[in-house]
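Notes follow the structure.
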Amino acid sequence: ADEPANHDEL
Amino acid sequence: MNIFRLLGDMCHLVAIIILFLKIWRSKSCAGISGKSQVLFALVFTTRYLDLFTSFISVYNTVMKVVFLVLAYATVYLIYLRFRSTYNSESDSFRVEFLLVPVAGLSFLENYAFAPLEILWTFSIYLESVAILPQLFMITKTGEAESITTHYLFFLGLYRALYLANWVWRYHTEGFFDQIAVVSGVVQTIFYCDFFYLYFTKVLRGSGKMTLP
């Protein structure tokens, strides 16, 4: 359920 | 990707390259806080662990690898290669006063209680305060070489451009990353005093920035 967020910033 | 984000990333890259070349060419890390550079290496390490778990874009991957390599290369220059030029007495900021609260906060306030998420959050909080040992060192010695101030200027500009990026993303895609935004605002505030000195002293005069 707790998929890690996709952090697209550097 | 928008223009603010791209310019922000470029300023970040320029800042890191300026610092690396300054140390490399002068064969000296005088006036540079090794502690801040270790903290930045730790920031990149804990944030970019997702290199192994998720692919975002070629740009994203390349920039992450470049940042990591340059961060560790800078630490290597300061603590090993040009160690004799390092002003350890002036670099006396107690980093545990940053690391402990930042680690604690990343456990308490995060998006998901998962190892990678906590490490990502830790890196965001830590980045917002990682420059403090460097600013403390300048305050303590009362001066900074102009090239060091250019480094700090680009590092601060990168953060300010990221703020513009978030405003843009909020309006165009409804994107709002609360942890990154709040930390980013805090981080940018730390540079305001420095920006003032930079514009009034460094750009008008020449040579070193001396504190009043």
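Keeping their order, the protein sequence lines are chains A and B.
At position 10 of the first sequence the residue is numbered 1451 (my numbering), and the sequence of numbers has no breaks.
At position 199 of the second sequence the residue is numbered 258 (my numbering), and the sequence of numbers has no breaks.
Beta carbons are placed, not taken as given, at the ideal position from N, Cα and C, and that holds for glycine.
Quiz item: In terms of residues, what are the limits of the alpha helix (DSSP H) holding F181/B?
Solution: 174-188
Quiz item: DSSP beta-bridge partners for E202/B?
Solution: T269/B
Exercise. Could you spell out the range, first to last residue, of the alpha helix (DSSP H) harbouring N169/B?
Key: Per DSSP, N169/B belongs to no alpha helix (DSSP H) and is neither H nor E.
Quiz prompt | Under 8 Å from the C-beta of A219/B: neighbouring residues of chain A | solution = The contacting residues do not exist; A219/B stays about 15 Å from chain A at best.
Practice problem: Flag M122/B as yes if its beta-carbon sits less than 7 Å from any beta-carbon of chain A, otherwise no. | Solution: yes
Quiz item: Would A1442/A count as contacting chain B if we go by Cβ distances under 7 Å?
Solution: Confidence at A1442/A is low in this model, with a pLDDT of 39, below 50, so its placement is unreliable and the value that follows should be read with caution. Using beta-carbon distances, A1442/A does not count as an interface residue toward chain B, since no partner is under 7 Å.
Quiz prompt | Residue burial classification, A1442/A (beta-carbon count within 10 angstroms, cutoff 16) | solution = Unreliable positioning characterises A1442/A in this predicted model, as indicated by a pLDDT of 39, which lies under 50. The coordinate reading is nonetheless provided below. It is exposed - the Cβ of A1442/A has fewer than 16 other Cβ atoms within 10 Å.
Quiz item: Looking at the structure shown, is I115/B part of a helix, part of a strand, or coil, going by DSSP?
Solution: coil
Quiz item: When the Cα atoms are used, what is the spatial distance from M268/B to T208/B?
Solution: 8 Å
Self-check item: Minimum Cβ-Cβ distance from S113/B to chain A less than 7 Å
Solution: yes
Self-check item: Closest residue to N169/B among N119/B, I238/B, V73/B, L127/B (Cα-Cα distance)
Solution: I238/B
Quiz prompt | Where G90/B sits in the DSSP three-state scheme | solution = coil
Quiz item: Secondary structure at R153/B, three-state DSSP: helix, strand or coil?
Solution: coil
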